[in-house]
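As given, the protein sequences belong to chains D and S, one line each in that order. By the numbering used here, the letter at position 37 of the first sequence is numbered 98, and the numbering carries on one by one without gaps. By the numbering used here, the letter at position 144 of the second sequence is numbered 147, and the numbering carries on one by one without gaps. What follows is one structure encoded as structure tokens, with my remarks underneath.
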Amino acid sequence: MGPAELSIGVGALLVAAAIAVALRVGADRRRLRRHLDGATAELQRLQTSFQHFAPTAVVEGIVAGGGSAEAARREVTVLFGDLVGFTHLSERLDPEVLVTVLNGYFARMSRAIGEHRGHVAKFIGDGLMALFGAIEPNPWQANDAVHAALAMQHALAAYNAELADRGLPTLQLGIGIHRGIAIAGVIGSHALVEFTVIGRTVNLASRVERLTRELPADILITAAVREGLDPRFTLDELPAQSVRGVADPVVTYAVRGFRSS
Amino acid sequence: MGALDAVEWEVCSLEPVRNPAAERMLRSTFGAVPPSARYFLDCRWVTGAYAALATLPVHQLSPDLTEMIALVVSQDNSCRYCYTATRATMKILGFPEARIRRLEENFLGADLSPADTAALAFARCVSRATPLACAADAQPLLAAGYSISAAKEVVVFAANSVFFNRLSTMPALPPHEMDFADRWWARLLRPLIASRMRTPRARQSVSLQPEQREGVFAEFVNALDGLSTAPRLRAVLDDAWQPSTLSQRLKGLVFAVVARGITCTPAEREATRLLVAEGMAIGEVEQALAHLSGPAVDPLEQSVLTLARESIWYRPAQLQHHARAVRAQCTREQFVEVIALTALANAVCRLSVAVDLARQ
């Protein structure tokens with residue numbers, strides 16, 4: 062092999078190596094682009110999902126800067142739901158069964174709430190807090206919340222039938238609903254934040270839910286909820302009750318049903 | 004296509020229809036019948052709305068910005084049909100894929116001028132209406148050098164996307180039919196198609212004639228005086244309010260419910276005026292708006308009002324589910340009119356910021 066042939070061979074080798082490197086770089090870039098596209102799509106999906114749990118501007122603030130200082134007073138309807146006698150039940154059931162039963166219950170309740178334009182703000186042990194009108198302004202929030210409460214009751218009845226078929230104990234639900242102004246915002250530490258509402262409206266809704274243990278009703282609403290309510294809901298006024306943190310006794314109404322026609 | 008791939012989308016609840024006269028009219032306007040228009044050809048005023056609103060001439064904004072507004076609003080609304088259509092249009096018009104991606108991923112971080120970024124943020128604010136946009140929301144845009152008139156144009160293009168997003172989402176028009184940009188014929192005919200698709204420039208300011216200043220929702224139309232959209236919107240509203248397959252009362256109720264939900268007081272006031280003119284008592288109107296039902300509201304109306312309410316901040320699958328419930332209770336012609344009217348109500352209410360701006 063002469064010097065000329067050698068230099069041609071080396072040149073060809075270099076060209077081949079350059080092509081191989083270019084192809085490799087191209088493939089790496091495409092792979093990187095695919096990974097980036099995948100990550101971006103996942104982020105967008107997450108962002109879209111989170112928009113069901115917090116106002117879009119709040120979600121965007123969190124995505125863009127890792128936090129959101131946006132807080133506002135909003136008129137919201139707060140629904141508290143709690144299982145009656147669950148502590149006793151939890152002592153009797155196997156932990157795995159208990160968690161399965163509880164997860165089935167939460168899934169059904171969340172669906173019923175979501176179908177009526179509410180969102181579950183938090184699960185508290187065996188209870189939950191749902192909000193109506195917290196994410197978007199909602200002039201129909203009182204109707205939505207009470208429809209959701211009835212839907213929760215129906216869903217629980219169906220779930221109880223399933224539990225009974227499986228030889229498991231059935232559940233009983235108490236629901237309290239109140240409407241008023243609350244402060245909505247992202248609250249928590251860097252480790253754990255949530256979009257939620259705080260204030261007297263929330264506290265009273267919680268207290269009203271506790272009244273379902275004392276009064277003959279599974280769903281109780283306050284006068285503030287009744288005020289904006291469709292007259293086709295059938296309600297019974299119950300005697301005023303003293304509740305912690307409220308000066309005057311609170312009048313509540315038991316929701317008995319809805320006349321659809 | 005990113006996040007919108009995951010958006011639930013039902014099977015289309017309408018079939019395309021033929022209507023030679025309507026097709027001729029659209030062909031004379033656009034050179035071809037827009038694919039989505041084929042689903043609505045049996046309703047005269049909806050076909051007219053397509054001809055009037057599908058390609059709005061632009062006065063002060065750049066045509067590219069109008070496409071970006073359509074993309075950002077459609078993505079925000081999760082309207083897979085319009086999003087796919089806008090994306091295809093942008094590709095045909097020569098937007099590089101990378102630029103479209105950057106806009107989709109986060110237009111705030113895309114390589115846009117501060118003025119364009121402010122315009123897109125404002126357009127999204129108008130579309131979202133959480134709460135309904137007001138003149139103060141346009142301040143960053145005005146500070147970036149936009150005139151009041153240009154800011155109103157942003158409102159118009161955002162509201163126009165709101166209209167077409169809802170028109171396409173409610174019947175779940177099939178998005179795949181708009182994914183044409185990379186098909187061989189689209190690549191081959193790209194320059195020709197692009198020349199047809201490009202947003203036209205308005206040659207001059209268009210003043211409303213005195214008779215065009217009167218009519219339903221005149222306050223909203225008059226706020227756009229000077230823009231070529233104003234007489235077009237006047238014509239669309241007048242046509243929509245002609246006697247048709249829906250009662251005038253139902254038309255008023257749809258507008259009133261959307262106005263109540265979005266807290267657009269001028270639109271609710273006007274819709275209430277129209278309802279009273281149709282013989283409804285104020286108490287009946289209030290009950291219908293407060294509960295989307297009442298003794299004066301029949302079952303079809305109740306179903307339509309629920310749909311109207313769902314259309315304000317919609318989730319596509321739920322909206323399509325409600326639309327199907329309405330479809331089961333009425334004729335095809337009525338259904339087409341219901342969804343178009345609901346879409347129009349959403350667009351008109353979002354124009355209220357233009358009313359605010361016109362006062363400045």
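Ideal Cβ placement from N, Cα and C applies to all residues, glycine included.
Burial state of residue i, where buried means 16 or more other Cβ atoms lie within 10 Å
| i | result |
| --- | --- |
| S/D185 | exposed |
| S/G286 | exposed |
| D/A81 | exposed |
| D/N164 | exposed |
| D/E270 | buried |
| S/F223 | buried |
| S/V10 | buried |
| D/H295 | Note on identity: in this sequence residue 295 of chain D is Thr, with His being the wrong assignment. The residue is exposed, with fewer than 16 neighbouring Cβ atoms inside 10 Å. |
| S/E340 | buried |
| S/H294 | buried |
| S/C352 | buried |
| D/W201 | buried |
| S/C137 | exposed |
| D/K183 | exposed |
| D/H251 | exposed |
| S/P12 | According to the sequence provided, residue 12 of chain S is Trp. The question's Pro does not apply to it. Answer is buried; the Cβ neighbour count reaches 16. |
| S/L230 | buried |
| D/G306 | exposed |
| S/V14 | exposed |
| S/W187 | exposed |
| D/F193 | buried |
| S/S171 | buried |
| D/H239 | buried |
Endpoints, the alpha helix (DSSP H) within which residue i is located
| i | result |
| --- | --- |
| D/V286 | 284-288 |
| S/I342 | 335-353 |
| S/Q290 | 285-294 |
| S/T133 | Per DSSP, S/T133 belongs to no alpha helix (DSSP H) and is neither H nor E. |
| S/L277 | 268-280 |
Sheet register partners of residue i (DSSP bridge)
| i | result |
| --- | --- |
| D/Y314 | D/I282, D/E298 |
| S/G229 | S/V209 |
| D/T231 | Beta-bridge pairing links D/T231 to no other residue. |
| S/E304 | Its beta-bridge partners do not exist; DSSP assigns none. |
Range covered by the beta strand (DSSP E) that runs through residue i
| i | result |
| --- | --- |
| D/D143 | 132-144 |
| D/A243 | 234-249 |
Under the three-state DSSP convention, the category residue i falls into
| i | result |
| --- | --- |
| S/R204 | strand |
| D/V263 | helix |
| S/E107 | helix |
| S/E214 | helix |
| S/F33 | helix |
| D/E275 | coil |
| D/V13 | Only positions 62 to 322 of chain D appear in this structure, which leaves residue 13 of chain D out of reach. |
| S/F258 | helix |
| D/F319 | strand |
| S/E11 | coil |
| S/R362 | coil |
| S/L236 | helix |
| S/Y317 | coil |
| S/A299 | coil |
| S/S247 | coil |
| S/A331 | coil |
| S/S16 | coil |
| S/V219 | coil |
| S/R21 | coil |
| D/R305 | coil |
| D/A252 | coil |
| S/M4 | Since pLDDT at S/M4 reaches only 47, below the 50 mark, its modelled position is unreliable, and no value is offered. |
| S/D241 | helix |
| S/R263 | helix |
| S/F43 | coil |
| S/L115 | coil |
| D/D89 | helix |
| D/R293 | coil |
Whole alpha helix (DSSP H) elements within the region 135-189 of chain S, 4-residue minimum: 142-146, 151-172
Alpha helix (DSSP H) runs wholly inside the region 50-102 of chain S, at least 4 long, in chain order: 66-79, 83-95
Alpha helix (DSSP H) runs wholly inside the region 141-229 of chain D, at least 4 long, in chain order: 147-153, 156-175, 202-226
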